[in-house]
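Novice: Following this message is one structure expressed as structure tokens.
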Amino acid sequence: MTRWLRCLFLVSGWMLPFPSWADEPLVVAPEPSQVNITTGFTGADLKAVGAMSGPGDLIIKLAGPQQEVTLSRETKLGPFWVGGDTVKMEGAPSLLFLYATAPIASILSPAEQEKYGLLLEGVPVRVEPQLKAHAADDWRKAFFRLKEKQGYYHEDDRAIRVFGNRLFIADMRLPADLQIGTYTVETLLVKSGKVDGHTVGNFKVRLSGIERRVWNAAHDYPWSFGGLFTLAAMVLGFVLNAIPYRRR
147 MTRWLRCLFL
157 VSGWMLPFPS
167 WADEPLVVAP
177 EPSQVNITTG
187 FTGADLKAVG
197 AMSGPGDLII
207 KLAGPQQEVT
217 LSRETKLGPF
227 WVGGDTVKME
237 GAPSLLFLYA
247 TAPIASILSP
257 AEQEKYGLLL
267 EGVPVRVEPQ
277 LKAHAADDWR
287 KAFFRLKEKQ
297 GYYHEDDRAI
307 RVFGNRLFIA
317 DMRLPADLQI
327 GTYTVETLLV
337 KSGKVDGHTV
347 GNFKVRLSGI
357 ERRVWNAAHD
367 YPWSFGGLFT
377 LAAMVLGFVL
387 NAIPYRRR
């Protein structure tokens with residue numbers, strides 16, 4: 147009961163400054179502005195809280211920044227496996243979580259799912275170098291299978307809780323190995339197979355503390371950072387070699 151009251155207070159308190167909120171089909175409280183990654187970071191739990199104008203289904207899409215992934219295919223040569231073709235996958239989000247109150251395929255048509263980017267295997271991704279259509283499709287399918295297996299792409303139709311056909315809370319778990327950058331959160335209200343409300347928010351994931359200073363130094367001064375790192379390794383090696391070891 148206490149948790150329910152806290153959620154109710156959060157939503158109503160956020161909406162009070164906006165008298166016209168009741169005229170909107172979908173209102174979502176702002177996401178946290180940023181998630182800080184420090185030593186020992188094991189992931190983060192986020193909650194999306196909001197209200198809708200009446201009965202309907204909800205979909206929340208959480209997408210990470212775009213990334214470049216290199217895939218290679220091993221080829222069997224006699225009794226050995228050797229490296230084969232290599233391609234780069236570009237333009238796909240590093241993370242794609244789809245949360246809904248029901249299986250998305252049961253509440254939206256394929257055309258609507260494609261329009262809002264709600265197909266896990268329909269994410270636009272470029273294959274470099276350019277290949278024939280069927281070969282590129284094979285690489286894309288392999289990429290999506292890998293992402294789903296690693297847990298970076300998934301759909302969950304039990305993460306959103308709705309109270310009284312009005313208020314809703316979505317529990318979102320972020321993994322420990324997040325990519326640095328801006329993450330987008332889209333919330334859609336679906337009624338009678340059509341999107342009736344659509345909001346977009348975002349938050350940043352960044353390093354904090356000593357990790358941030360090291361990361362900034364490595365990216366802002368790569369040559370100096372590399373030289374300093376090499377020098378430190380040489381000094382450490384010299385010191386270790388200079389320490390006399392007693393023979394057993």
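Heads up: the sequence shown begins at 147 in the working numbering, then just goes up one per residue.
Just so it is clear, CB atoms sit at the ideal spot from N, CA and C, and this is done for glycine as well.
Please read all numbers here as calculations on a predicted model, not as lab measurements.
Where residue 294 and residue 224 are concerned, what is the direct C-alpha to C-alpha distance, given to the nearest angstrom?
Specialist: In the sequence shown, residue 294 corresponds to position 148, counting from 1. In the sequence shown, residue 224 corresponds to position 78, counting from 1. Computed Cα separation, rounded: 31 Å.
Novice: Less than 9 Å between the C-beta atoms of residue 298 and residue 321, yes or no?
Specialist: Residue mapping note: residue 298 aligns to position 152 of the sequence shown, counting from 1. Residue mapping note: residue 321 aligns to position 175 of the sequence shown, counting from 1. In this structure, residue 321 lies closer than 9 Å to residue 298 by Cβ.
Novice: Helix, strand or coil for residue 295 per DSSP?
Specialist: Against the sequence shown, residue 295 aligns to sequence position 149. Helix.
Novice: Ignoring anything shorter than 3 residues, give me the beta strand (DSSP E) runs that lie fully in the stretch 219-270, in order along the chain.
Specialist: 226-239, 242-246
Novice: Take residue 198 as the anchor and find which of 344, 386, 381 has the nearest alpha-carbon.
Specialist: In the sequence shown, residue 198 corresponds to position 52, counting from 1. Of the candidates 344, 386, 381, 344 places its Cα closest to the Cα of residue 198.
Novice: Quick one: Cα of residue 196 to Cα of residue 331, how far?
Specialist: For the purposes of this step, residue 196 is taken as residue 50 along the sequence shown, with counting starting at 1. For the purposes of this step, residue 331 is taken as residue 185 along the sequence shown, with counting starting at 1. C-alpha separation (whole angstroms): 13 Å.
Novice: If distances are taken between C-alpha atoms only, which option among 379, 336, 325, 381 comes closest to residue 180?
Specialist: The residue given as residue 180 occupies position 34 in the sequence shown. Per the Cα distances, 325.
Novice: First and last residue of the beta strand (DSSP E) that includes residue 324?
Specialist: In the sequence shown, the residue the question calls residue 324 occupies position 178. No beta strand (DSSP E) contains residue 324, which DSSP labels as neither H nor E.
Novice: The beta strand (DSSP E) spanning residue 206 covers which residue range?
Specialist: In the sequence shown, residue 206 corresponds to position 60, counting from 1. Bounds of the beta strand (DSSP E) holding residue 206 are 203-209.
Novice: Helix, strand or coil, according to DSSP, for residue 340 in the structure here?
Specialist: Here residue 340 refers to the residue found at position 194 when the sequence shown is read from its first residue. Correct three-state label for residue 340: strand.
Novice: Taking the beta carbon of residue 273 as the centre, do at least 16 other beta carbons fall within 10 Å, making it buried, or is it exposed?
Specialist: In the sequence shown, residue 273 corresponds to position 127, counting from 1. Buried.
Novice: Below 6 Å CB to CB, which residues in the same chain sit around residue 301 once its five sequence neighbours on both sides are set aside?
Specialist: For the purposes of this step, residue 301 is taken as residue 155 along the sequence shown, with counting starting at 1. The residues are 244.
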